[in-house]
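Okay, structure first, notes after.
Residue numbers (this note's numbering): 259 to 353.
As C-alpha cells, then:
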C-alpha cells in the first residue's frame, strides 16, 4: 500500500453484503446521479455474484481526500436509505 502522500490513487471500499442485483442497480443509479461522486472522484462498482458481495469503491488522489471523505458520508446516507447497514469503513491515511 502506498503512503497517503505518494500521489498514487487511493480508495475507500464498501462491501455491500446482502444486496441483490436490483438493490445494487438502484444504489448505483443514486450514486451516479449525485454530484458528490463527480470528478475528480471515480466510482468503481462490482455487482453481486453468486458467493460474492457487491462492492463500491471511491477512488481518489491524496489531494482530493476531503472530497472523497464528503462523498463517503453521502454514500453512507444513500446506503442507509436503501436499508444497507455499514459496519466499518477504512479511509486511507486515518489511524
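For each residue, glycine too, the CB sits at the ideal point set by N, CA and C.
Taken atom to atom, the span from the alpha-carbon of residue 288 to that of residue 273 is near 17 angstroms.
The Cβ atoms of residue 270 and residue 349 sit closer than 8 angstroms to each other. Each residue's CA atom was taken as its position, placing residue 307 and residue 323 some 30 angstroms apart. Cα atoms of residue 310 and residue 282: separation of roughly 13 angstroms, rounded to the nearest angstrom. Annotated three-state conformation of residue 308 is coil, per DSSP.
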